[in-house]
Structure formats: C-alpha cells, structure tokens
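Trainee:
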Amino acid sequence: MPTRQALNFAQERGLDLVEVAPGSRPPVCRLMDYGKFRYEATRREREARRAQRSKTTNELREVRLEGRIGDHDLETKIRQVKRLLGEGSKVRVSVRFRGREITHPEIGMALLRRVAESLVEDAGMEKAPSFEGRFLAMILAPVSTGGKTSKQKDEQSQKTEKEKTRA
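The letter at position 72 of the sequence shown is residue 72 when you use UniProt numbering, and the numbering goes up by one with no holes.
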C-alpha cells in the first residue's frame, strides 16, 4: 500500500508505522507501538547482559587469610569458600605474610592444609600451595557432579588396577 495510506491507517489505530526491512523491494513496514517495542528490546538486552555477567563471574574467586587468624574467623572463611564452591567458582585461598612472618611458611602451610581437609568433600585441590610473592596460595575447584575430584578418581583407578593384578 502507498506510504501516505499506511501512515493514515496507523494514525487511526494509534500505532506507529515502523520500517522493518528497508533493503527489500518494496520496503517492508509494520504497525506497532514503537515505545513499547523499544522498552522490550532494552529489557531483553539488559537481561542478556546480566546473564552474561553471571557466567563470567564464576571463574576464579579469592579468599585471603592471615597466619594469626582465630579459629572462629577461620571457620567463617571456610564457610565462605564452601559457598563460593557451591556457586561453581574456583577459589584461590591465600595466606598473606607481613613483615617477618614470611620466615615461618610452615604456619601458612598448616593453615591451608586445615582448610583443604575441612573442604575435602566439597572441593578438589587444583593447584597445591605455592608462594606467589608474599602470599602462599592454593586453588580449589568444586567437586564434579560425579562426587569425586580428578585426584580421587586417579587414586580409585590405581586401586582397581592393583586389585586386578592381584587376582
């Protein structure tokens, strides 16, 4: 239909005439409420950005400890690590050494070992404790849906191989 006639038709109905495909011959137009269309489009974009952001934030999170941490504070940090692992994030647990504390790395190792032992059901150690500057850090990954970490799976497969060779 001619453009003038389409504009009158849209105006009678209280809608807008929106050109959908300008490259085609003849150009394709649509009758719609343009304000509502733009609102829904921006809402869809916002939802897509929010979904994208939530996917990218689950990569690697960090929980920092200090060598002189109290028992209750440590339990709180362990609960925080457990929550982050439950969300599907990998967690770097690091112990910060200040001043001369760095001369006693065994304190930090004992602390990380204690954290790893308390989270053995929820996490597998992806990277063993190692120094990164003044930090002693390890990386924990959430346990897969199978319920075992890759290290536990390797130990299990070694046990079954030993049992097969004995039989």
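All C-beta atoms, glycine included, are put in the ideal place defined by N, C-alpha and C.
Look at Gly67 and Phe37 and say whether their C-beta atoms are less than 8 angstroms apart.
Mentor: no
Trainee: How many angstroms separate the CA atom of Lys148 from the CA atom of Ile69?
Mentor: Model confidence at Lys148 stands at a pLDDT of 47, short of 50, so the residue's coordinates are unreliable; what they give is reported in the following sentence. Answer to the nearest angstrom: the Cα atoms are 30 angstroms apart.
Trainee: Assuming Val63 contacts Val81 (C-beta within less than 8 angstroms), just tell me the rounded distance between them.
Mentor: About 5 angstroms; that satisfies the 8 angstroms criterion.
Trainee: Is Leu136 near Lys90, with beta carbons less than 8 angstroms apart?
Mentor: No, these two residues do not count as a Cβ contact at 8 angstroms.
Trainee: If you draw a straight line from the C-alpha of Pro142 to the C-alpha of Glu121, how long is it?
Mentor: CA-CA distance, Pro142 to Glu121, rounds to 9 angstroms.
Trainee: Mapping DSSP to helix, strand and coil, what is Pro129?
Mentor: In this structure, Pro129 counts as strand in the three-state DSSP scheme.
Trainee: Quick one, are the C-beta atoms of Val20 and Leu65 less than 8 angstroms apart?
Mentor: no
Trainee: Would you call the CB atoms of Ser130 and Ile78 closer than 8 angstroms?
Mentor: no
Trainee: In angstroms with no decimal places, state the Cα-to-Cα distance between Met138 and Arg49.
Mentor: 31 angstroms
Trainee: Leaving out five residues on either side along the sequence, give the residues of the same chain with a beta carbon under 6 angstroms from the beta carbon of Arg28.
Mentor: Here residue 28 is Val; the residue named in the question, Arg, does not match the sequence. Val20 and Ala21, listed in sequence order.
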